[in-house]
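Novice: Quick one: this structure, given as structure tokens, is what I'll be asking you about.
Residue numbers (my numbering): 2 to 552.
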């Protein structure tokens, strides 16, 4: 089959992956309907934060179902298993089953939430379960979209995966803007749009999302095969696991006559038939110098490394800070506006909440692109300079410094956001809080997956990323529940059981004092990571140089 039709099919599949990702990040739109949902069902701020912690079961912002505050931590530890099993599902069965699973779970989550809002009543444990379904569904579909993009464009993985990663951050803005034009000021219809729009988009994308085989790539025959394997041989095993990916997950991928699969999976070395001996030598030389290809640390081995705990702590601290504002920006806006002018109608406040959700979403999108989705290791998979991510590439290629500086920058941005939150009493200036929070959150997740691959190897990235995303469970739980407790302490219960806080900044100020300290801690941990990693890589380079002299 000629390459031109295959190229067109890959483009169609990439568009489908981008659209699917656009439907998966709707948990960031919670502030657009959460406060109204709480008012209608007469839920306290603490209770609504239990629901939102259940909702955030996606890859980047990852928590699980919380039934009561006493059981919340045990629920997190016992129930949270999204990143690891979803990664195993996508790696083992291919992306398409995960897309179908995402469709079912998104529908099973948002439709009951809409019905609960429409009735004006709902049992809290079930509301948490429905929210958990929406997060898990988005997690599954988004993982499938990113995996497919990486498989279809082996020489342009950075660019291919950047689009679904970035549009994931635009999801809240897209659905908020659409609802603002069609059903302004109506939280019930917003939930209905989420129910139909997310599950419908993912379901339609299923028919176009395919892994297209690369027929013009083949394994190097005979004696050359052992040389090419050097690119992905690790301490623990060869690349047998990587080579099974497309064949097991996608029946469309053809197996060559020699019995070796076309290397179209995420961790394969792609060698063209026309690749000459000099290119292969260059790849081998690259492999020797690249830490991500020399190591293969995964599973319980992670817990024995200092780098894991450094990144794990950073992930938890910074994600917890960001999620507190992302999930409660609607409460911030509501408190400030009711204190600023108690005659402002509810519909106006809803428009402002939607505006801040959109700002968060757009700034998250911007941060993901600026921080970058690939450090140099992703260039080693291909023989091109295709790249997306201004920040990390500039840091690594131009300034010759660690991509970990992106995390330092994210910590600084979060610090600015917390200071802005502590000093913003005029609701017209609340956009400073939402914009800096979205930008910092985007910087964090734009570079973090590739930093995990760089630290522990590319071969176990899916599993390692699943372990890493467990870290926000505890931090997100603490930050969000603390915000809810603070807000409830300053709230009054009106007739009918509706809670309201009219004290403005004082409604939540104490919560941001805690996140200021947390952002400073995150900054210090990031600097420690940079110093520690620098010394480790220097020692590693000396050992490699000594080994080469011996050879």
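All residues carry an ideal CB built from backbone N, CA and C; glycine is no exception. All values derive from a computational prediction rather than experimental measurement.
#1: What separation, rounded to the nearest whole angstrom, lies between the Cα atoms of residue 1 and residue 421?
#2: Measure the alpha-carbon distance for residue 101 versus residue 458 and round it to whole angstroms.
#3: According to DSSP, which residues form a beta bridge with residue 21?
#4: Which of the three DSSP states is assigned to residue 494 in this structure?
#5: Give me the Cα-Cα distance between residue 300 and residue 352, rounded to the nearest whole angstrom.
#6: Can you list, in chain order, the stretches of the alpha helix (DSSP H) that have 4 or more residues and sit fully within the segment 410-494?
#7: Can you give me the C-alpha to C-alpha distance between residue 338 and residue 502, rounded to a whole angstrom?
#8: Of the choices 474, 534, 371, 23, whose alpha-carbon is the least far from that of residue 174?
#9: Comparing alpha-carbon positions, which option in 477, 470, 546, 341 lies nearest residue 508?
#10: Which residue's Cα is closest to the Cα of residue 404: 528, 27, 89, 196?
#11: Quick one: what does DSSP say residue 583 is sitting in, helix, strand or coil?
#12: Within its chain, find whatever has a CB closer than 6 Å to the CB of residue 286; leave out the 5 residues flanking it on each side and keep chain order.
#13: Tell me whether the segment 483-496 and the segment 114-124 touch, counting them as touching only if at least three CB pairs, one residue from each stretch, are closer than 8 Å.
#14: Per DSSP, what kind of secondary structure is residue 126 in: helix, strand or coil?
#15: Buried or exposed, going by whether 16 or more other CB atoms sit within 10 Å of the CB of residue 87?
#16: How long is the line joining the alpha carbons of residue 427 and residue 95, rounded to whole angstroms?
#17: Taking 6 Å as the limit between beta carbons, can you name the residues of its chain near residue 311, skipping five residues before and five after?
#18: DSSP three-state call for residue 241: helix, strand or coil?
#19: Can you give, in chain order, each stretch of the beta strand (DSSP E) that sits fully within the segment 94-152 and has at least 3 residues?
#20: On the DSSP letters alone, give me the boundaries of the alpha helix (DSSP H) that residue 306 sits inside.
#21: May I have the straight-line CA-CA distance separating residue 19 from residue 165, to the nearest angstrom?
#22: How big is the Cα-Cα spacing for residue 367 and residue 6?
#23: Can you tell me the Cα-Cα spacing of residue 274 and residue 151, whole angstroms?
#24: Give the straight-line distance between the Cα atoms of residue 197 and residue 326, rounded to the nearest whole angstrom.
#25: Going by beta carbon distance, what residues of the same chain come within less than 8 Å of residue 537, once the five residues before and after it are set aside?
#26: Going by beta carbon distance, what residues of the same chain come within less than 6 Å of residue 123, once the five residues before and after it are set aside?
#27: Decide if residue 455 is buried, meaning its Cβ has at least 16 other Cβ atoms within 10 Å, or exposed.
#28: Which same chain residues, not among the five before or five after residue 181, have their C-beta less than 6 Å away from its C-beta?
#29: Where residue 179 and residue 188 are concerned, what is the direct C-alpha to C-alpha distance, given to the nearest angstrom?
#30: Let's test the definition: count the other Cβ atoms within 10 Å of the Cβ of residue 344 and tell me whether it reaches 16, buried, or not, exposed.
#31: Three or more beta-carbon pairs under 8 Å between the segment 316-334 and the segment 472-481, yes or no?
#32: Should residue 10 and residue 91 be called a contact, given that it needs their Cβ atoms to be closer than 8 Å?
#33: Please name the residue, chosen from 89, 313, 333, 505, that lies closest to residue 450 on a Cα-to-Cα basis.
#34: Does the Cβ of residue 148 have 16 or more other Cβ atoms within 10 Å, making it buried, or fewer, making it exposed?
#35: By how many angstroms is the C-alpha of residue 34 removed from the C-alpha of residue 140?
Specialist: In short, the structure shows the following:
#1: Nothing in the structure corresponds to residue 1, since the chain is present only between 2 and 552.
#2: Locating residue 101 in the chain shown gives position 100, where the first residue counts as 1. Locating residue 458 in the chain shown gives position 457, where the first residue counts as 1. So the alpha carbons of these two residues sit roughly 30 Å apart.
#3: Residue mapping note: residue 21 aligns to position 20 of the chain shown, counting from 1. Per DSSP, residue 21 has no beta bridge partner at all.
#4: Reading the chain shown from its first residue, position 493 is the one you call residue 494. In the structure shown, residue 494 sits in a strand (DSSP, three-state: E or B).
#5: Numbered from its first residue, the chain shown carries residue 300 at position 299. Numbered from its first residue, the chain shown carries residue 352 at position 351. Between residue 300 and residue 352, the C-alpha separation is close to 46 Å.
#6: 432-457, 462-469, 473-490
#7: What you label residue 338 is simply residue 337 of the chain shown in a count that begins at 1. What you label residue 502 is simply residue 501 of the chain shown in a count that begins at 1. If I take the Cα positions, the gap works out to 10 Å.
#8: Counting from 1 along the chain shown, the entry for residue 174 is found at position 173. Among 474, 534, 371, 23, the Cα nearest to that of residue 174 is on 23.
#9: The residue labelled residue 508 in the question sits at position 507 within the chain shown. Closest by alpha carbon: 341.
#10: Counting from one through the chain shown, the residue named residue 404 turns up at place 403. Of 528, 27, 89, 196, the residue nearest in Cα terms is 528.
#11: Outside the displayed range of the chain (2 to 552) lies residue 583, so it cannot be described from this structure.
#12: Taking the chain shown and counting its residues from 1, the one referred to as residue 286 is at position 285. The predicted position of residue 286 is uncertain, since its pLDDT is 48 and thus under 50; no value can be drawn from it.
#13: no
#14: The residue you call residue 126 lines up with position 125 of the chain shown. In this structure, residue 126 counts as helix in the three-state DSSP scheme.
#15: Position 86 of the chain shown, counting from 1, holds the residue named residue 87. Result: buried.
#16: As a working note, residue 427 is residue 426 in the chain shown. As a working note, residue 95 is residue 94 in the chain shown. Residue 427 and residue 95: Cα-Cα distance of roughly 50 Å.
#17: Residue mapping note: residue 311 aligns to position 310 of the chain shown, counting from 1. So the list reads 530, once near-sequence residues are dropped.
#18: What you label residue 241 is simply residue 240 of the chain shown in a count that begins at 1. With a pLDDT of 41 at residue 241, under the threshold of 50, the modelled position of this residue cannot be trusted; read the value that follows with caution. Residue 241 falls in the helix class under three-state DSSP.
#19: Listed in chain order, the beta strand (DSSP E) elements of length 3 or more contained wholly in the segment 94-152 amount to none.
#20: Here residue 306 refers to the residue found at position 305 when the chain shown is read from its first residue. Where residue 306 is concerned, there is no enclosing alpha helix (DSSP H), given that its DSSP letter is neither H nor E.
#21: Mapped onto the chain shown, residue 19 falls at position 18. Mapped onto the chain shown, residue 165 falls at position 164. About 4 Å.
#22: Position 366 of the chain shown holds residue 367. Position 5 of the chain shown holds residue 6. Approximately 33 Å between the Cα atoms of the pair.
#23: For the purposes of this step, residue 274 is taken as the residue at position 273 of the chain shown. For the purposes of this step, residue 151 is taken as the residue at position 150 of the chain shown. Confidence in residue 274 is poor, its pLDDT being 36 and thus under 50, which makes the residue's placement too unreliable to answer from.
#24: Position 196 of the chain shown holds residue 197. Position 325 of the chain shown holds residue 326. So the two alpha carbons sit approximately 27 Å from each other.
#25: In the chain shown, residue 537 corresponds to position 536, counting from 1. Only 308 meet the Cβ criterion.
#26: As a working note, residue 123 is residue 122 in the chain shown. So the list reads 42, 117, once near-sequence residues are dropped.
#27: In the chain shown, residue 455 corresponds to position 454, counting from 1. Label assigned to residue 455: buried.
#28: Indexing the chain shown from 1 puts residue 181 at position 180. Within the same chain, residue 181 has close Cβ partners 355.
#29: Counted from its first residue, the chain shown places residue 179 at position 178. Counted from its first residue, the chain shown places residue 188 at position 187. Each residue's Cα considered, the two are about 13 Å apart.
#30: What you label residue 344 is simply residue 343 of the chain shown in a count that begins at 1. Residue 344 should be labelled exposed.
#31: yes
#32: To locate residue 10, count along the chain shown from 1; it is residue 9. To locate residue 91, count along the chain shown from 1; it is residue 90. Not in contact: residue 10 and residue 91 (Cβ atoms no closer than 8 Å).
#33: Stepping through the chain shown from its first residue, residue 450 is reached at position 449. Closest by alpha carbon: 313.
#34: In the chain shown, the residue the question calls residue 148 occupies position 147. Buried, by the Cβ-count rule.
#35: Along the chain shown, one-based indexing puts residue 140 at 139. Along the chain shown, one-based indexing puts residue 34 at 33. Near 21 Å, if we compare the C-alpha coordinates of residue 34 and residue 140.
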